[in-house]
Amino acid sequence: MGRLPKLGFSTLDRRPPVRHHPLMSSSKLVKVLSIDGGGIRGYLPAVFLAEVERRAARPISGLFDLVVGTSTGGIIGLGLAAGKSAAELAEFYPMYGRRIFGGVDNRSEWDKRLWGSGGNIMQSVNLAAKRIGGPFGGNALFGGNARHTAEGLESALKEVFGEMKLSEVPTELAITTFDRLTSSPCVLSSRDARLDSSYDLLVREVARATSAAPTYFPPAKLAWAGQAREFIDGGVWANNPAGVAVNESIAITARRGLQGSAVLLVSLGTGVIPGESVLEGTQSWLGSARDLIGLATSVGAGELLAQRAVGNAQYRRFQVVDSRVAGAMNDPSVERLKVLREAADALVARESADIDALIADLSD
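Sequential numbering of the sequence shown, starting at 916, is according to our numbering.
Right, dumping it as structure tokens:
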């Protein structure tokens, strides 16, 4: 894993040998971790997982057979599957937050009026129609200037993940994104990367693709599956990737002759305020694009899909419900992180017995 730099965040410059992670042989229970998107709020599930790891005295990658993530949850998932500790990944936010979300607002005045930080949705629709010349405007809605340049995010991801490839990640992994050129949801998986090199990307490129939130960062321009792509944040269609996790777990069990195995799906949210709608706080992160083009599967719908998709699945959702999590998704200030840490600690205290029960199930 290489020597740790000063702040304790190891890089992945040395590639580990490829290991096709087997399902745990002691049980036919397939254990799946799903992590939502949510910008700086990713600090919440990272802190939660650090506590799970501490109590279990085992790395998260050794507790789960499959890790699935979207956006900030995708970055966490990539780190976990690559062998990082959850505590290291929790440090990602205070360590790199200012670099990632720093700088001036690069959007045009029109884009600021259109996207803002929420606002009247019909006003946004009218502005979009005037600019684009038609209803909704398709891909052009994702073509505006981003608030932040990609340099800070890309340099942080390179320091964390180095030159490791998706095909080399030792734990099964699936990460959501969306190709704006073809208007297609995509899942970047370690399984596909091992089977076909055209699906293989650097881990840092996958992290960039899943976290390119519209209006916050420019799309990630990459070659994947033999085509030029412009990937944007997977949260535009699966901010809660639990349904994706179920589908991926079915594929894994079928491939390994374990059809009918029970699935334990652990789903981690990135915080909601009491009484918030089923979109669970993603509106301010992804802006009006979710409403304008009707792409997104809401977090609530993601939960429902996961619960209904497999009859013998156990579904466990851990979510911070706390008014303190309200705030900008791109605010990495010390004060903001302190509040998020307190909210995560409160979740751990409230769910302590359930965490212990979960660890017992994961350790079987």
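We put the beta carbon where it would ideally sit given N, CA and C, even for glycine.
For residue j and residue i, believed in contact at Cβ under 8 Å, the rounded distance
i, j, result
"residue 1258", "residue 1237", "5 Å"
"residue 949", "residue 1182", "5 Å"
"residue 1233", "residue 1152", "The pair is not a contact, with the Cβ atoms about 23 Å apart (cut-off 8 Å)."
"residue 1091", "residue 1159", "6 Å"
"residue 1262", "residue 963", "6 Å"
Contacting residues, own chain, Cβ-Cβ under 6 Å from residue i (five flanking each side not counted)
i, result
"residue 1116", "1081"
"residue 1135", "1123, 1124, 1127 and 1146"
"residue 1120", "1137"
"residue 1084", "996, 997 and 1105"
"residue 1247", "955, 1012, 1013 and 1016"
"residue 968", "975 and 1001"
"residue 994", "1004"
"residue 1235", "959, 1186, 1258 and 1262"
"residue 1254", "1239"
"residue 1133", "1061 and 1065"
"residue 1113", "1140 and 1141"
"residue 890", "Outside the shown range of the chain, which is 916 to 1279, sits residue 890, and nothing can be said about it."
"residue 1100", "1093 and 1152"
"residue 1144", "1094 and 1137"
"residue 1078", "none"
Contacting residues, own chain, Cβ-Cβ under 8 Å from residue i (five flanking each side not counted)
i, result
"residue 1271", "970"
"residue 945", "938, 980, 981, 1164, 1167, 1168, 1173, 1176, 1177, 1178 and 1179"
"residue 1278", "971, 973 and 978"
"residue 943", "1173, 1176 and 1177"
"residue 1256", "958 and 962"
Backbone secondary structure at residue i - three-state DSSP
i, result
"residue 1275", "helix"
"residue 1168", "helix"
"residue 1090", "strand"
"residue 1062", "coil"
"residue 1184", "coil"
"residue 1098", "coil"
"residue 1122", "helix"
"residue 1236", "strand"
"residue 1007", "helix"
"residue 947", "strand"
"residue 999", "coil"
"residue 984", "strand"
"residue 1013", "helix"
"residue 1256", "helix"
"residue 1104", "strand"
"residue 1076", "helix"
"residue 973", "coil"
"residue 963", "helix"
"residue 1173", "coil"
"residue 1148", "strand"
"residue 1230", "strand"
Burial state of residue i, where buried means 16 or more other Cβ atoms lie within 10 Å
i, result
"residue 951", "buried"
"residue 1098", "exposed"
"residue 1265", "exposed"
"residue 1249", "exposed"
"residue 1000", "buried"
"residue 1190", "exposed"
"residue 1066", "exposed"
"residue 1017", "exposed"
"residue 1157", "buried"
"residue 1228", "buried"
"residue 1140", "exposed"
"residue 965", "buried"
"residue 1260", "exposed"
Reference residue i; option with closest CA among the options
i, options, result
"residue 1110", "1097, 954, 1170 and 1246", "1170"
"residue 1086", "1108, 1255, 1142 and 1068", "1108"
"residue 1095", "984, 1245, 1016 and 1149", "1149"
"residue 987", "1102, 1088, 1084 and 959", "959"
"residue 1102", "1262, 1014 and 989", "989"
"residue 1230", "1139, 1185 and 1276", "1276"
"residue 1061", "1242, 1154, 1185 and 1131", "1131"
"residue 1076", "1112, 1118, 1088 and 1100", "1118"
"residue 1088", "943, 947 and 1241", "947"
Close Cβ partners of residue i (< 7 Å) along its chain, the five nearest in sequence each way excluded
i, result
"residue 1142", "none"
"residue 1069", "1123"
"residue 1009", "1252"
"residue 991", "950, 957, 960, 961, 984 and 1004"
"residue 1071", "1011, 1014 and 1015"
"residue 1241", "1188"
Cutoff 8 Å: residue i Cβ touching any chain C Cβ
i, result
"residue 1117", "No chain C appears in this structure, which consists of one protein chain only."
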